[in-house]
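Using my numbering, you'd call the opening residue of the sequence shown number -19 and step up by one each time. We treat Cβ as the ideally placed atom computed from N, Cα and C, and that holds for glycine. Owing to the predicted nature of the structure, the values given are computational and were not obtained by experimental measurement. Remarks on the structure that follows.
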Amino acid sequence: MFPVQTITTVDSCVVQLDYLDGRLLVSSLTRCFLCDTEREKFWKIGNKERDGEYGACFFPGKFAGSQQPLIYCARPGSRMWEVNFDGEVLSTHQFKKLLALPPLPVITASSEPRYDPTVGSSQSLSFPRLLHL
C-alpha cells in the first residue's frame, strides 16, 4: 500500500489535475492552484476567480527547447492564461475574436473555393479540459 496524505483542500469541486516535476496543478470551479509537493507550499494562480469548468495543464519546457515549463489555465470568455512555473500570470491569450471569424472554405481539386464572410457566427469556447499533446 502507498501512504495517503492530504496535501491541500480547495474551495470547490476539482475540474482537472496535472503533475510535473514535483508540482501539482489543481483546477477547481473557482480558480487554479499550484502546489509544490516537496516543500508543501501552495499558490493561487492569478487574482480573479471564475465560475465554471475550466481546465489547466502543464506544458513541459524540456520538449520546447529546454526552457522552464509553462502552465495554461482556461478562463471565461474564450481566454487562457499563460503562467510560469512559479504561478505568476505572464499573459492572457484571447480567442474570442478568432472564433468570431467565419470558417475558411475547404479547397478541393474539383471545386472553386468560395469564401462567404457572412456565413458563420460568433462562438465561445470554455476549454473544460486542457491536455499537452
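Backbone secondary structure at residue i - three-state DSSP
i      : result
Leu111 : coil
Lys21  : strand
Leu9   : coil
Ala80  : helix
8 Å Cβ shell around residue i - same chain, five flanking residues per side excluded
i       : result
Ser114  : Here the chain has residues from -19 to 113 only, and residue 114 is not among them.
Asp31   : Leu9, Thr10, Pro56
Leu(-3) : Leu4, Leu5, Val6, Ser7
Glu20   : Ile(-13)
Asn64   : Gln48, Leu50, Ile51, Leu70
Exposure label - residue i; buried when at least 16 CB within 10 Å
i       : result
Ala89   : exposed
Ser91   : exposed
Ile25   : buried
Phe13   : buried
Tyr(-1) : exposed
Phe38   : buried
Leu110  : buried
Proximal residues to residue i (C-beta, below 6 Å), its chain only, five neighbours per side dropped
i      : result
Gln103 : Leu79
Leu84  : none
Val86  : none
Trp23  : Leu14, Gly67
Met60  : Tyr52, Ala54, His73
Minimum C-alpha distance to residue i - residue among the options
i     : options             : result
Leu70 : Cys37, Ile51, Lys24 : Ile51
Thr17 : Leu110, Asp1, Glu29 : Asp1
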